[in-house]
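Asks:
2 protein chains.
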Amino acid sequence: MVRPREFDADVVTDRALNLFWHKGYQGASLADLERETGVGRKGLYNTFGSKQGLFLEALTRYETRAIELILAPLESEGAGRAAIEHVFHMLTSQEGQLKGNRGCLFCLTAESEVTSSPEVAKRVRGYLRRLQQGFASALRGARTAGDLGTQKDLEALADFLMGTVMGLSAMARAGRPRTQIVHYIDTALAALD
Amino acid sequence: MVRPREFDADVVTDRALNLFWHKGYQGASLADLERETGVGRKGLYNTFGSKQGLFLEALTRYETRAIELILAPLESEGAGRAAIEHVFHMLTSQEGQLKGNRGCLFCLTAESEVTSSPEVAKRVRGYLRRLQQGFASALRGARTAGDLGTQKDLEALADFLMGTVMGLSAMARAGRPRTQIVHYIDTALAALD
DNA sequence: ACTTTTTTACAACCAGAGGTGTAAAAACAA
DNA sequence: TTGTTTTTACACCTCTGGTTGTAAAAAAGT
Numbered sequence: 001m002v003r004p005r006e007f008d009a010d011v012v013t014d015r016a017l018n019l020f021w022h023k024g025y026q027g028a029s030l031a032d033l034e035r036e037t038g039v040g041r042k043g044l045y046n047t048f049g050s051k052q053g054l055f056l057e058a059l060t061r062y063e064t065r066a067i068e069l070i071l072a073p074l075e076s077e078g079a080g081r082a083a084i085e086h087v088f089h090m091l092t093s094q095e096g097q098l099k100g101n102r103g104c105l106f107c108l109t110a111e112s113e114v115t116s117s118p119e120v121a122k123r124v125r126g127y128l129r130r131l132q133q134g135f136a137s138a139l140r141g142a143r144t145a146g147d148l149g150t151q152k153d154l155e156a157l158a159d160f161l162m163g164t165v166m167g168l169s170a171m172a173r174a175g176r177p178r179t180q181i182v183h184y185i186d187t188a189l190a191a192l193d
Numbered sequence: 001m002v003r004p005r006e007f008d009a010d011v012v013t014d015r016a017l018n019l020f021w022h023k024g025y026q027g028a029s030l031a032d033l034e035r036e037t038g039v040g041r042k043g044l045y046n047t048f049g050s051k052q053g054l055f056l057e058a059l060t061r062y063e064t065r066a067i068e069l070i071l072a073p074l075e076s077e078g079a080g081r082a083a084i085e086h087v088f089h090m091l092t093s094q095e096g097q098l099k100g101n102r103g104c105l106f107c108l109t110a111e112s113e114v115t116s117s118p119e120v121a122k123r124v125r126g127y128l129r130r131l132q133q134g135f136a137s138a139l140r141g142a143r144t145a146g147d148l149g150t151q152k153d154l155e156a157l158a159d160f161l162m163g164t165v166m167g168l169s170a171m172a173r174a175g176r177p178r179t180q181i182v183h184y185i186d187t188a189l190a191a192l193d
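Which chain is which? The protein sequence lines are A and B, in order.
Taking our numbering, the leading residue of the first sequence gets 1, the next gets one more, and so forth.
Taking our numbering, the leading residue of the second sequence gets 1, the next gets one more, and so forth.
1. Cβ-heavy atom distance between A16 of chain A and the ligand GDP below 7 angstroms?
2. Helix, strand or coil for G179 of chain A per DSSP?
3. Identify which residue in A:T109, A:A174, A:S117 and A:G141 has its Cα closest to the Cα of Y127 of chain A.
4. Using the beta-carbon count (16 or more within 10 Å), is T179 of chain B buried or exposed?
5. Indicate whether at least one CB of chain A lies closer than 8 angstroms to the CB of A191 of chain B.
6. Does the beta-carbon of E57 of chain B have 16 or more other beta-carbons within 10 angstroms, so that it is buried, or is it exposed?
7. Identify which residue in A:F106, A:N101, A:Q133 and A:F135 has its Cα closest to the Cα of K122 of chain A.
8. Quick one: does L157 of chain A have its CB under 8 angstroms from some CB of chain B?
9. Please list, in chain order, all residues of the same chain as D159 of chain B whose beta carbon is under 7 angstroms from its beta carbon, the five residues on each side excluded.
10. Could I get the ranges of all uninterrupted alpha helix (DSSP H) runs contained in the stretch 30-101 of chain B, with 4 residues as the minimum, in chain order?
11. Starting from L168 of chain B, trace the alpha helix (DSSP H) both ways and give me its first and last residue.
12. So Y184 of chain B contacts chain A; which residues on that side make the cut at Cβ distance below 7 angstroms?
13. Would you mind working out which of B:G100, B:E63 and B:G38 sits nearest K23 of chain B, comparing C-alpha positions?
14. To the nearest angstrom, report how far apart G141 of chain A and A191 of chain B are at their CA atoms.
15. Measure the CB-CB distance between S184 of chain A and L168 of chain A and report whether it falls below 8 angstroms.
16. According to DSSP, simplified to helix, strand and coil, what is G134 of chain A?
17. M171 of chain B touches chain A at which residues, Cβ-Cβ below 7 angstroms?
18. For the candidate residues A:R176, A:A136 and A:Y25, whose alpha-carbon lies nearest to that of A83 of chain A?
19. Should R65 of chain A be labelled buried (16 or more other beta-carbon atoms within 10 Å of its own) or exposed?
20. DSSP three-state label for S117 of chain B, please.
21. DSSP three-state call for C104 of chain A: helix, strand or coil?
22. Just to confirm before moving on: does the CB-CB distance between G194 of chain A and L91 of chain A stay below 8 angstroms?
23. Would you check if the distance between the CB atom of M171 of chain A and the CB atom of M171 of chain B is smaller than 8 angstroms?
24. Please report the Cβ distance between R15 of chain B and G103 of chain B, rounded to the nearest whole angstrom; I am assuming they are in contact, meaning their Cβ atoms lie under 8 angstroms.
25. Using a Cβ-Cβ cut-off of 8 angstroms, state whether A31 of chain A counts as contacting chain B.
26. For T187 of chain A and chain B, any beta-carbon pair shorter than 8 angstroms?
27. Where do the N-terminal and C-terminal ends of the alpha helix (DSSP H) with F7 of chain B fall, by residue?
28. State yes or no: is the C-beta of T164 of chain B within less than 8 angstroms of the C-beta of A188 of chain B?
29. Could you give the DSSP three-state label for Q26 of chain A: helix, strand or coil?
30. According to a CB-to-CB cut-off of less than 7 angstroms, which residues of the stretch 17-44 of chain A neighbour chain B?
31. Output yes or no for whether 8 angstroms exceeds the beta carbon distance between L44 of chain B and L33 of chain B.
32. Assign T150 of chain A to one of two classes, buried (16 or more other C-beta atoms within 10 Å of its C-beta) or exposed (fewer than that).
33. So if I threshold CB-CB distances at 7 angstroms, which residues from the stretch 96-122 of chain B count as touching chain A?
34. Can you find a C-beta in chain A that's less than 8 angstroms from the C-beta of Q180 of chain B?
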């Protein structure tokens with residue numbers, strides 16, 4: 001009775017995510033999105049409602065991946081200092097957000113103008129809060145395991161690590177040399193000693 | 001013989017700088033610049049040649065201030081650990097880049113699309129390099145004064161501090177709570193212990 | 001085969017971008 | 001005052017942004 005769609009909304013979301021990740025929300029134009037996804041304007045609007053709707057969908061997709069790769073290791077029961085180090089080393093590896101000078105999509109978005117949209121702003125704040133809490137959780141684990149100085153302020157350390165993620169994202173997007181980024185991360189992790 | 005300008009290019013540059021600082025290069029439109037400076041399009045184009053020309057002029061103005069406030073203290077003869085701490089505390093104070101969620105103009109520009117312009121990219125790279133070298137210089141001073149662990153890698157620490165400036169700028173622009181920023185900076189400075 | 005429903009392709013829309021052309025206005029030398 | 005030069009004000013241009021309308025095309029139930 002109805003004509004089925006010629007494209008898979010999931011792969012379209014994936015491709016749109018890649019574009020937003022590379023160029024940011026405002027930097028990715030509808031023409032870019034058409035080209036990248038192979039779907040015409042009307043198809044995108046019928047499916048996602050608006051450019052921002054598509055962006056929110058892409059954010060969800062990104063968050064899902066980030067939960068697997070970053071948050072889950074930090075939030076897991078036995079997480080401690082090793083989990084924290086693993087996350088940062090993963091982020092600076094080829095698999096992480098360094099590839100293609102993309103950085104972290106939420107960090108990028110947090111600095112941009114899209115945050116004037118309440119929905120986007122809420123999503124960004126939520127992610128960053130969860131990230132900070134993830135670090136706090138893993139830090140408590142590290143303390144319990146005796147891997148952390150007893151005089152350290154855990155809340156301050158969690159804020160520090162969250163800021164470090166933002167700094168890492170900024171350096172990645174700025175195309176800073178790999179050596180500099182590695183120095184940055186290694187020194188930051190040494191702050192836990 | 002010639003009709004003199006009705007505006008002072010210096011104050012126009014200042015006002016344009018403020019706008020670019022708040023909204024970024026692409027975020028500041030010609031209409032915004034006209035409104036902010038009180039000068040018409042033709043006046044701006046006669047004086048600065050193009051939007052990018054005006055931006056480069058504003059960058060120069062910003063750099064001049066940054067040299068006074070940030071680089072000079074780091075590069076001065078007796079600079080050491082106190083100079084580094086002073087710079088970061090100044091940046092997190094009301095006088096610094098935190099005011100109005102502006103962050104650091106060079107860091108902001110480094111993450112943006114304007115860097116596809118070779119002139120802009122060169123200016124940004126030059127500033128960041130000088131900043132890193134300023135930290136390295138002050139770190140050498142700190143070591144000489146015995147204010148630094150002897151086993152620390154100075155180059156890595158300098159890269160770390162430069163990254164910390166980028167992280168601070170990102171947090172400021174993202175409108176992160178002051179407490180979090182203070183935690184971030186204090187913990188980063190403790191990494192010098 | 002016909003009808004219905006939805007997707008498609010294409011063009012158009014309106015707002016805003018950066019940049020420019022034109023002619024009036026203003027200052028100073030003569 | 002006149003003439004020259006440059007700045008101004010204002011409209012305009014072209015291009016691109018996101019968004020929407022229209023009509024052809026395609027599947028599935030009857």
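Here a beta-carbon is modelled for each residue, glycine too, at the ideal position from N, C-alpha and C.
Since the structure is predicted, the reported quantities are computational estimates derived from the model, not experimental observations.
Replies: In terms of the structure at hand:
1. This structure does not include the ligand GDP; it has no bound ligands of any sort.
2. In the sequence under discussion, the amino acid at residue 179 of chain A is Thr, which differs from the Gly named in the question. The answer is helix: DSSP assigns T179 of chain A an H, G or I state.
3. Of A:T109, A:A174, A:S117 and A:G141, the residue nearest in Cα terms is A:T109.
4. Burial call: exposed.
5. Output row for A191 of chain B: interface = yes.
6. Buried: at least 16 other Cβ atoms inside 10 Å.
7. Out of A:F106, A:N101, A:Q133 and A:F135, A:F106 has the C-alpha closest to the C-alpha of K122 of chain A.
8. Chain B contact via Cβ: present.
9. Cβ neighbours of D159 of chain B within its own chain (closer than 7 angstroms, five residues either side excluded): Q132.
10. Counting only unbroken stretches of 4 or more residues, the alpha helix (DSSP H) elements lying wholly within the stretch 30-101 of chain B are 30-37, 41-48, 51-66, 72-75 and 81-91, in sequence order.
11. Here the alpha helix (DSSP H) through L168 of chain B covers L154 to R173.
12. Within 7 angstroms Cβ-Cβ: D159, F160 and G163.
13. When only C-alpha atoms are compared, the closest one is B:G100.
14. The C-alpha of A191 of chain B is placed about 21 angstroms away from the C-alpha of G141 of chain A.
15. Residue identity differs from the one stated: residue 184 of chain A is Tyr in this sequence, not Ser. Yes. Within cutoff.
16. Note: G134 of chain A maps to helix in three-state DSSP.
17. Counting only Cβ-Cβ distances below 7 angstroms, M171 of chain B has contacts in chain A at G163 and M166, in chain order.
18. Cα-wise, what sits closest to A83 of chain A is A:A136.
19. Under this definition R65 of chain A is an exposed residue.
20. Residue state for S117 of chain B is assigned as coil, using DSSP reduced to three classes.
21. DSSP places C104 of chain A in coil when its eight states are reduced to three.
22. The structure shown does not extend to residue 194 of chain A, since chain A is modelled only from 1 through 193, so no value can be given for it.
23. The beta carbons of M171 of chain A and M171 of chain B sit no closer together than 8 angstroms.
24. Taking the Cβ atoms as the reference, R15 of chain B lies roughly 19 angstroms from G103 of chain B, outside the contact range of under 8 angstroms.
25. False, the Cβ-Cβ gap to chain B never drops below 8 angstroms.
26. Contacts with chain B at 8 angstroms (Cβ-Cβ) include T187 of chain A.
27. Segment: none, F7 of chain B is in no alpha helix (DSSP H) and carries neither H nor E.
28. Going by C-beta atoms, T164 of chain B is nearer than 8 angstroms to A188 of chain B.
29. Q26 of chain A: helix per DSSP, three-state reduction.
30. Among the residues of the stretch 17-44 of chain A, those with a Cβ less than 7 angstroms away from any Cβ of chain B are G27, in the order of the chain.
31. Yes, they are a contact pair.
32. When all chains shown are included, T150 of chain A counts as exposed.
33. Shown in chain order are the members of the stretch 96-122 of chain B whose Cβ falls below 7 angstroms from a Cβ of chain A: C107, A110, E111 and E113.
34. Judged by the 8 angstroms Cβ criterion, Q180 of chain B is in contact with chain A.
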